[in-house]
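Sequence lines, in order, name chains A and B. Taking full-length UniProt numbering, the leading residue of the first sequence gets 1, the next gets one more, and so forth. Taking full-length UniProt numbering, the leading residue of the second sequence gets 1, the next gets one more, and so forth. Virtual Cβ for every residue (Gly too), placed ideally from N, Cα, C. Note that the structure is a prediction, hence the values are computed from the model and not measured.
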Amino acid sequence: MNDTLPPVIVGAGPAGICAAKTLVAAGLRPIVIDEGFRAGGQIYRRPFVDDGRSATDLYGSEAAKATRLHREFDGLLPSIDYMPQALVWNIAGNELHLMADGKHHQIGFQNLILSTGATDRILPFPGWTLPGVYTLGAAQTALKVQGCTIGRNVVFLGSGPLLYLVAWQYVKAGGNVAAVLDTAPFSAKLNLLSAFRFDPRLVLIGMSYAARLVSRGVKIRYNVRPTRVDGSQYVEGLSFKSGTKVHSIACDAIAYGFALRPETQLADLSGCTFRFDDRDRTWLPVTDEAGRTSSQGVYLAGDGSGIAGADAAEISGELAALALIQDSGTTVDPGRMSALVKARRRKAGLRDILEKAFPFPDNWFDQIPGYTKLCRCEEVTVSTVIDTINGGELRELNRLKALSRSGMGRCQGRMCSAAMAEVLSATQHLKLADIGRLRAQAPVKPLPLLLQEGGS
Amino acid sequence: MIRRFSADVAIVGGGLVGSSAALALRKAGLSVILMDKGFCGAQASGVNYGGVRRQGRSVAQLPLSQRAHQIWPRLKELIGIDGEYQRSGHLKLARKPEDFARLEQYAETVKPFGLNLELFTGAMAKTRFPWLSGNVAGASFCPDDGQANPRLVSPAFAKAARDAGAIVLEQTAVHAAVRTSDGFALQAGTDCEITCHFLINSAGAWANKIATDFDEPAPLSRIYPSMVVTEPLALRLPVSLGEEGGGFYCRQVQRGNYIMGGGRGYALIDPDFSRPSTAAALAVMKRATTLFPHLAGAHVIRFWSGTEGQLPDNNPVIGRSGTTPGLFHAFGFCGAGFQVAPAVGAILCDLVTSGETATPIAAFSIERFHNMPPQHNKKKGTHNEMVE
Ligand SMILES: Cc1cc2nc3c(=O)[nH]c(=O)nc-3n(C[C@H](O)[C@H](O)[C@H](O)COP(=O)(O)OP(=O)(O)OC[C@H]3O[C@@H](n4cnc5c(N)ncnc54)[C@H](O)[C@@H]3O)c2cc1C
Ligand SMILES: Cc1cc2nc3c(=O)[nH]c(=O)nc-3n(C[C@H](O)[C@H](O)[C@H](O)COP(=O)(O)OP(=O)(O)OC[C@H]3O[C@@H](n4cnc5c(N)ncnc54)[C@H](O)[C@@H]3O)c2cc1C
């Protein structure tokens, strides 16, 4: 291999760990950069300090995988250059710009694997910005990392596999779950039956969460529509519609979300071509089955290239690494590659079904009151956004951002752009695919003004 | 199906220059068609720093700038919004004594124009502006200069022109323009043919295409000023400020964000798209923490850049074509066209309707480049001139 620069991996979740393992096995010494305190990524996130909880306490049915991946990563440490707590905030040509120890660093690369994972997909509703409302992922992170719950009496709300999983993790840890409110109808869950042939184990585990929650006396309601968070200073309850009736339920915290959205800003900054994905209702980087992008030397793996789950992340991490090795002129086992591609396709098939079982609430826009805050950073309401669209006859998302301020704050649209796109497309009767996407710009997350030159 | 339009005036480029010309011409009763290859006010006019300043401009630009100064307070009446325009004052800082000497000299030179500049030595400046810190050798304050929100102002001019009856075609690039017996014929977008009596070339950094088509290329290059914005913070910085030499400029918007700039970004492979530069952004951030220690815990949330036309003598081209009757150019504002643009629109209206204007613009004639040797044409603008 004639590469002079070591390959770089951004993200040490299952995808990044498997990519690193594969590169090391091929005799390379990758640099692995991760924003987290300890490697593992979202699903296999580790506590800050070992606090006596076992892997089963933390990861339930996935404990064996978590333990294996953590052990594998720890075993790789002598053979990689690992930079924890380092945020890659820009890609400029063939250079990564990152913040580590409060300092700015630049790392040149020839080959780069982006395995940056996902965050919760959010849709606003009245009161969603009150203290005490968390995303499902954040509720889970609090539990996994810090061993605490987001409240004493928590409502779980939304759609997606995490809804049942995190609710169950709370019950198991001794938390009190006031209710699980699923925005999808029960009938949607019947789709899971056809997922059986792809992954019977996962389907059984998934279905068992609902059963276990019920057996612990947790109320599950389907086809629910949240109308508002009750409380003026902090969460005191949730009002929701079920059928034609409005119900109220007391709680002091709400965990909610509508599945996940991939973190694609770094892929965007590296110049990758994107395509609109109807199923995920978002723009995704174009890749081949091994994770090669349109940008030379840039590979994608894991949920950051499209939501597919942790097992698929392992597969795509290995695939991206093999593609990188192959493109650098070393032969790889073609049998292994095609087996991985096949396995990845199966996971994608499973994903299609999960999306039907945990559907996006596509009537969200019809029922959202105008006074709802759409952009929480800049405090822009739904009606301001609609008025801006109508006033300027807007048809494009960046334009809407410029004229409404929505998406201009700290999160730069990471939280609100899904909802913004829904509002624009519904108001103008345009397809989501036809209204453009927010252009990524550095820094991908806020940086301290005091950031000092470090080194490279 | 070909869409045919005809109008008294066709305007290529819906930045603040083209849009304000469209509005002025409509108000003068002419029919107008305004075209932009993207969205009106989405290029330099919509992404600039938002400095509305006269201080620091060349003497040649001051009459023009003074005319604009009369227009800015009338935004509400003209375009329906105030565009967050405020006469906050503009503070020019000198880092070194020799910079301050230049500020003193400038204040003397421009006295006749009535900018009412106030000069402060370093210590005095810190007494008068107590939020200021760091190495400041002196400062010059122009109380009636100010700032506005380009994101809102520039599209609003285009909207006002449309509401006043101009035909506004967005996402409609003008590909070709030729002189006909009684005016011009244009091809634009995928399906538009336009005829007009007068043609205005206000295509910003892209304007050389039309100038060249009419045999008078200008030595126009591109610059990409690099910008940084913080999260919203408590209101503390009441003025817009810029350092002599152009390395740093900063203002705090009503929402609380500090917008700061300095240095240059770079073009992507497609030169219509640019990125801010990390080196420039870090230098700007560093300077901000020296001047404003109260920003120590703040975060920056976004960098950006924009595409601006630059000419070698740091002055724009404004006025009639030297080769083609009925054609007018207004481009190449060298990082400082936001403040003057509304006056440029008014001047273009004067020129179209009466053939002359009361504002002196001789220094901006495109003919100053007509006999330039080609190697000179390639020379780029100096890279430390002032943007804001
Ligand atoms: C909050 C949350 C909780 C989840 N919980 C579960 C669960 O319990 N069970 C389940 O099956 N699935 C869960 N998922 C889905 C799960 O994330 C994925 O299936 C799986 O983790 C994907 O692995 P990955 O390697 O692609 O990404 P991740 O595991 O998300 O790893 C990505 C890593 O990249 C790092 N990173 C991202 N951007 C940067 C950057 N700019 N600079 C430096 N580092 C960066 C992150 O810190 C992270 O460590 C969860 C998802 C989220 C968002
Ligand atoms: C980052 C930055 C900061 C700045 N800060 C300041 C400041 O603080 N104060 C100040 O006074 N000035 C500032 N400036 C300069 C100022 O923004 C510009 O001088 C001014 O906006 C120029 O206006 P314009 O209408 O000529 O150009 P633009 O706004 O660029 O408009 C030109 C338009 O023409 C269109 N166009 C081009 N070719 C065609 C074609 N063939 N057909 C149709 N349409 C076409 C483009 O799409 C564009 O919208 C700054 C500039 C930048 C980039």
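Put simply, the backbone Cα of residue 196(A) is about 16 Å away from that of residue 311(A). Around residue 453(A), the beta-carbon contacts reaching into chain B at under 8 Å are 282. Distance from the CA atom of residue 349(A) to the CA atom of residue 287(A), rounded to whole angstroms, is 17 Å. The DSSP-derived three-state label of residue 144(A) is helix.
For residue 245(A), the pairing in a beta bridge is given by DSSP as 242(A). For residue 370(B), no beta strand (DSSP E) segment is defined, and its DSSP state is neither H nor E.
In this chain, the alpha helix (DSSP H) harbouring residue 208(B) covers 208–213.
Ranked by Cα distance from residue 262(A), the first of 238(A), 304(A), 244(A) is 304(A). Ligand 1 approaches residue 115(A) closely enough that one of its heavy atoms is under 7 Å from the residue's Cβ. The alpha carbon of residue 109(A) has as its nearest neighbour, out of 206(A), 281(A), 95(A), 322(A), the alpha carbon of 95(A). Scanning chain B for C-beta atoms nearer than 9 Å to the C-beta of residue 326(A) yields nothing, as the closest lies near 26 Å away.
In the three-state DSSP reduction, residue 89(A) falls in the strand class (E or B). In the structure shown, residue 378(A) adopts coil according to DSSP, grouped into three states. Fewer than three beta-carbon pairs drawn from the segment 199–217 of chain B and the segment 245–258 of chain B are found closer than 8 Å, and the two stretches are therefore not classed as touching. Within the segment 86–124 of chain B, the complete alpha helix (DSSP H) segments of 4 residues or longer fall at 97–109, listed in chain order. By the rule that beta-carbons nearer than 8 Å mark a contact, residue 231(B) touches chain A. Under the 8 Å Cβ criterion, the segment 215–226 of chain B does not count as touching the segment 6–20 of chain B, having fewer than three qualifying pairs.
For the pair residue 302(B) and residue 226(B), the Cα-to-Cα distance works out to about 11 Å. Here residue 219(A) carries a coil assignment [DSSP, helix/strand/coil]. In the DSSP assignment, residue 256(A) falls within the beta strand (DSSP E) that extends over 253–258. Contact with chain B is found for residue 90(A), since one of that chain's Cβ atoms lies less than 8 Å from the residue's Cβ. By the Cβ-count criterion, residue 268(A) is buried, with 16 or more other Cβ atoms from all chains shown falling within 10 Å of its own Cβ.
Partner residues in the beta bridge of residue 292(A), as assigned by DSSP, are 299(A).
When C-beta atoms of the segment 219–230 of chain A are compared with those of the segment 385–398 of chain A, fewer than three pairs fall below 8 Å, so the two segments do not count as touching. Ranking 304(B), 370(B), 43(B) by CA distance to the CA of residue 211(B) puts 370(B) first. When the beta-carbon positions are compared, residue 94(B) and residue 138(B) come within less than 8 Å of each other.
Of the candidates 271(A), 291(A), 25(A), 222(A), the residue whose Cα lies closest to the Cα of residue 80(A) is 25(A). Nearest in C-alpha terms to residue 4(A), of all of 40(A), 19(A), 28(A), is 28(A). Residue environment for residue 90(B): buried (at least 16 other C-beta atoms within 10 angstroms of its C-beta). Distance from the Cα of residue 319(B) is smallest, within the candidate group 277(B), 132(B), 180(B), 21(B), for 21(B). For residue 153(B), none of the residues of chain A pass the 8 Å Cβ criterion, the least Cβ distance being about 11 Å. Restricted to the segment 157–198 of chain B, the beta strand (DSSP E) segments that are unbroken, complete and at least 3 residues in length are 167–169, 174–180, 183–188, listed in chain order. If you ignore the 5 residues before and after residue 28(B), its C-beta comes within less than 6 Å of the C-beta of 349, 353, all in its own chain and listed in chain order. Secondary-structure assignment with DSSP links residue 37(B) through no beta bridge to anything. Between residue 334(A) and chain B, the shortest Cβ-Cβ separation is not below 8 Å.
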